[in-house]
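Heads up: the sequence shown at position 20 corresponds to 20 in full-length UniProt numbering, and the numbers run straight through without jumps.
What follows is a single structure, written as structure tokens, with notes after it.
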Amino acid sequence: MIVKDLQRLPRFLISLIFLIGLTITVFRGSGIVTLMDSGFQQMIQGTVTTVETQLMTIISAVSSPTMSIVYTLILALILWVIRYRIAAIWALCTLIGGDVIAKLMKDFVHRARPVDHLAVDDGFSFPSGHVFGFFIVVALIWILVMPLIQNQLIGAIIRIVTIVLLLLVVIARIYLSAHFPTDTFGAMLLAYTWLQVAEWLAIGLIPILQKWPLLKDSKVA
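So, in structure tokens, the structure goes:
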């Protein structure tokens with residue numbers, strides 16, 4: 001669950017610095033970014049097969065921003081039922097607030113997608129909405145669900161599976177030319193940075209929310 005952490009501020013500052021640096025280089029169309037993108041694209045798109053394309057299309061579909069909202073709603077409902085109501089509200093607010101920030105950044109950076117992207121992938125490219133939303137979902141599972149799991153083996157399996165799934169989403173978006181690799185890196189940096197802020201806000205708001213009649217019996221940890 002969400003707890004006070006003295007390392008949160010340093011983590012926030014470090015991720016923010018990297019995020020700002022990457023955003024500026026992408027915005028300016030730096031040659032370094034072009035070199036990074038082409039290198040990762042060649043590595044991931046080296047061999048394109050029908051089976052791989054179908055698999056990546058499925059992964060992309062089940063990790064869409066809309067699906068991330070669905071997953072978060074399901075998680076929030078489960079948390080609400082088991083009386084972790086403040087955590088349920090925080091999960092929804094974290095994803096929705098993050099999606100708004102990601103959309104604003106897309107509109108600000110105004111980066112076009114790769115020329116051979118699918119027609120279904122419209123809008124701007126940086127940061128990746130798929131990767132951002134799925135990163136938040138994975139983080140919510142780690143923050144809110146993992147502390148409730150007593151079996152260490154099951155916990156380890158869940159962590160490994162969620163990491164692998166996130167990596168597959170990143171690979172799928174690059175493979176399908178929906179995003180440049182740096183779009184996915186930026187999405188993960190933005191999501192991580194926003195999570196530090198969201199957790200910090202939660203620490204301050206939990207005592208206030210516990211006074212609300214609907215939430216006074218909510219479990220916190």
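The beta carbon of each residue, even a glycine, is placed where N, CA and C say it ideally should be.
Secondary structure of Gly39, DSSP reduced to three states: Translated into positions along the sequence shown, residue 39 becomes position 39. The answer is helix: DSSP assigns Gly39 an H, G or I state.
task: Ignore the nearest five residues each way along the sequence and tell me which others in Phe18's own chain have a CB closer than 8 Å to its CB.
output: Walking along the sequence shown from the start, residue 18 turns up at place 18. So the list reads Leu189, once near-sequence residues are dropped.
task: Reducing DSSP to helix, strand and coil, say where Gly46 ends up.
output: The residue given as residue 46 occupies position 46 in the sequence shown. Correct three-state label for Gly46: coil.
task: Can you grab the Cα-Cα spacing for the pair Ala87 / Val220, in whole Å?
output: Taking the sequence shown and counting its residues from 1, the one referred to as residue 87 is at position 87. Taking the sequence shown and counting its residues from 1, the one referred to as residue 220 is at position 220. When rounded, the distance between both Cα atoms is 7 Å.
- request: Give the single residue among Ser177, Leu92, Leu13 whose Cα lies nearest to the Cα of Phe40.
  value: Working through the sequence shown from its first residue, we reach residue 40 at position 40. The closest CA to that of Phe40, considering only Ser177, Leu92, Leu13, is found on Ser177.
message: Once the 5 residues before and after Ala76 are set aside, which same chain residues still bring their CB inside 7 Å of it?
response: Taking the first residue of the sequence shown as 1, we reach residue 76 at position 76. In its chain, beyond the 5 residues on either side, Ala88, Ala91, Leu92 have a beta carbon closer than 7 Å to the beta carbon of Ala76.
- prompt: Do the region 162-171 and the region 199-213 meet, that is, are 3 or more Cβ pairs less than 8 Å apart?
  reply: Contact fails between the region 162-171 and the region 199-213, because fewer than three Cβ pairs, one in each stretch, are under 8 Å apart.
- prompt: Are there 16 or more other CB atoms within 10 angstroms of the CB of Met43, so buried, or fewer, so exposed?
  reply: For the purposes of this step, residue 43 is taken as the residue at position 43 of the sequence shown. Classification for Met43: exposed.
- request: Would you decide whether Gln7 is buried or exposed? Buried here means 16 or more other CB atoms lie within 10 Å of its CB.
  value: Here residue 7 corresponds to residue number 7 of the sequence shown, with the count starting at 1. A residue is called buried once 16 or more other Cβ atoms fall within 10 Å of its Cβ, and Gln7, having fewer, is exposed.
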